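S.K.: Numbering (mature numbering (1 follows the signal peptide of the UniProt record, and there is no 0)), first residue to last: -23 to -1, 1 to 235.
Beta carbons are placed, not taken as given, at the ideal position from N, Cα and C, and that holds for glycine.
Since the structure is predicted, the reported quantities are computational estimates derived from the model, not experimental observations.
Here it is: the structure, laid out below.
See below:
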């Protein structure tokens, strides 16, 4: 009886030493039952343009010649890869520190703090003085987010659309590794020239309704290692000693049983 108890104890100890993160530590959105979410905020979300954003703005009209003065000339683009789009690309407008861009004919106009829809409507209103039924297309050319730490593919990613969610950004980085701490992800965001730091709990479904669910220009996500990873890296040598000790005890127990 004593020998069986000893073996069970050693077996439990070996599992404890070599155990990894539990299911509760790695499952997303687990603290509330699934329910229908209010999707109005999701569909209506638009980011706002900021200082140092680069915008491409294309103005067209039924009469193409009337729109020409309001477009920057395309510039040559040197590339070793031949694409179907040719070797020209649109020039960009830089939003300065005051939130302004320098626009042909119109001069300085303020787009900083406006969404794409607001900027498009604002420009259309200005252009109707010169063009009949103008068409305006605006795109953000330098929307990037960085994902660092315990993810499969850390790096900086260019966002093609002007909307990206937190899970989508993590997906671009190949998702968190099993060693990533899902309860303490750090978001670094610049607001009005100041760095702001927010902690994110990916195991909570409440993040969907958070103002940081949608990422903004130049956001940085850092996924810290979980406790299991920290213990593994900090005490790897000690763990080796413990495992060796458990093995030795198991050998002794096996001898005693015989």
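Taking only the alpha-carbon atoms, compute the straight-line gap between residue 66 and residue 137 and give it to the nearest angstrom.
M.R.: Position 89 of the chain shown, counted from the start, is the residue given in the question as residue 66. Position 160 of the chain shown, counted from the start, is the residue given in the question as residue 137. Taking the straight line from one Cα to the other gives about 16 Å.
S.K.: Excluding the 5 residues flanking residue 123 on each side, which residues of the same chain have their C-beta closer than 6 Å to its C-beta?
M.R.: Translated into the one-based positions of the chain shown, residue 123 becomes position 146. Closer than 6 Å at Cβ, skipping near neighbours: 133, 197.
S.K.: Alpha carbon to alpha carbon, what distance is there between residue 26 and residue 92?
M.R.: Mapped onto the chain shown, residue 92 falls at position 115. Mapped onto the chain shown, residue 26 falls at position 49. For residue 92 and residue 26, the distance between alpha carbons rounds to 6 Å.
S.K.: Evaluate contact between the stretch 70 to 79 and the stretch 94 to 101, counting only Cβ atoms and requiring at least three cross-stretch pairs below 8 Å.
M.R.: The answer is no - the stretch 94 to 101 does not touch the stretch 70 to 79, with fewer than three Cβ pairs under 8 Å.
S.K.: Determine, using beta-carbon pairs with one atom in the stretch 160 to 178 and one in the stretch 97 to 113, whether at least three such pairs fall under 8 Å.
M.R.: Flag = no, the stretch 160 to 178 and the stretch 97 to 113 do not touch.
S.K.: For residue 39, count the other beta carbons within 10 Å of its own beta carbon; 16 or more makes it buried, fewer makes it exposed. Which is it?
M.R.: Here residue 39 corresponds to residue number 62 of the chain shown, with the count starting at 1. It counts as exposed.
S.K.: For the putative contact between residue 119 and residue 30, defined by C-beta atoms under 8 Å, what is the C-beta separation to the nearest angstrom?
M.R.: Position 142 of the chain shown, counting from 1, holds the residue named residue 119. Position 53 of the chain shown, counting from 1, holds the residue named residue 30. 7 Å between Cβ atoms; contact.
S.K.: Quick one: residues in its chain with C-beta nearer than 6 Å to the C-beta of residue 33, no 5 flanking neighbours on either side, listed in chain order?
M.R.: On the chain shown, residue 33 is found 56 positions in, with the first residue counted as 1. If we look at residue 33 and ignore the five residues flanking it on each side, its Cβ neighbours are 67, 69, 116, 118.
S.K.: For residue 202, which option in 106, 151, 159 has the closest C-alpha, if you only look at C-alpha atoms?
M.R.: Here residue 202 refers to the residue found at position 225 when the chain shown is read from its first residue. Among 106, 151, 159, the Cα nearest to that of residue 202 belongs to 159.
S.K.: Here's the rule: buried if 16 or more other CB atoms are within 10 angstroms of the residue's CB, otherwise exposed. What is residue 57?
M.R.: Along the chain shown, one-based indexing puts residue 57 at 80. Caution applies to residue 57, whose pLDDT of 49 falls short of 50 and renders its modelled position unreliable; the value that the coordinates give is listed next. By the neighbour-count rule (16 or more Cβ atoms within 10 Å), residue 57 is not buried but exposed.
S.K.: Going by C-alpha to C-alpha distance, which of 50, 105, 147 sits closest to residue 127?
M.R.: Indexing the chain shown from 1 puts residue 127 at position 150. Considering only alpha carbons, the answer is 147.
S.K.: Using a Cβ-Cβ cutoff of less than 7 Å, which residues in the same chain neighbour residue 193 once the five nearest sequence positions on both sides are dropped?
M.R.: To locate residue 193, count along the chain shown from 1; it is residue 216. Taken in chain order, the residues that qualify are 24, 166.
S.K.: Could you check how far apart the C-beta atoms of residue 51 and residue 111 are, in whole angstroms? I think they sit under 8 Å.
M.R.: Position 74 of the chain shown holds residue 51. Position 134 of the chain shown holds residue 111. Between residue 111 and residue 51 the Cβ distance is about 19 Å, and since that is not below 8 Å, they are no contact.
S.K.: Starting from the N-terminal side, write out each stretch of the beta strand (DSSP E) that is 3 residues or longer and does not extend beyond the stretch 93 to 177.
M.R.: Runs found: 112 to 117, 121 to 126, 132 to 135, 157 to 168, 171 to 177.
S.K.: Whose CA, out of 6, 22, 149, lies closest to the CA of residue 139?
M.R.: Within the chain shown, residue 139 is the residue found at index 162, counting from 1. The shortest Cα separation from residue 139 among 6, 22, 149 belongs to 22.
S.K.: CA-CA distance, residue 189 and residue 143?
M.R.: Position 212 of the chain shown, counting from 1, holds the residue named residue 189. Position 166 of the chain shown, counting from 1, holds the residue named residue 143. If you take the alpha carbons of residue 189 and residue 143, they lie about 8 Å apart.
S.K.: Between which two residues does the beta strand (DSSP E) holding residue 43 run?
M.R.: Translated into positions along the chain shown, residue 43 becomes position 66. Counting along the chain, residue 43 falls outside any beta strand (DSSP E), though it belongs to the alpha helix (DSSP H) covering 41 to 44.
S.K.: So, for residue 129: in the same chain, excluding its five sequence neighbours on each side, which residues have a beta-carbon less than 7 Å away from its beta-carbon?
M.R.: Residue mapping note: residue 129 aligns to position 152 of the chain shown, counting from 1. Result list for residue 129: 150, 151, 152, 154, in chain order.
S.K.: Taking the alpha-carbon of residue 131 as reference, which of 157, 109, 107 has the nearest alpha-carbon?
M.R.: The residue labelled residue 131 in the question sits at position 154 within the chain shown. Closest option to residue 131, Cα to Cα, is 157.
S.K.: Buried or exposed for residue 164, going by 16 or more other Cβ atoms inside 10 Å?
M.R.: Residue mapping note: residue 164 aligns to position 187 of the chain shown, counting from 1. Buried: at least 16 other Cβ atoms inside 10 Å.
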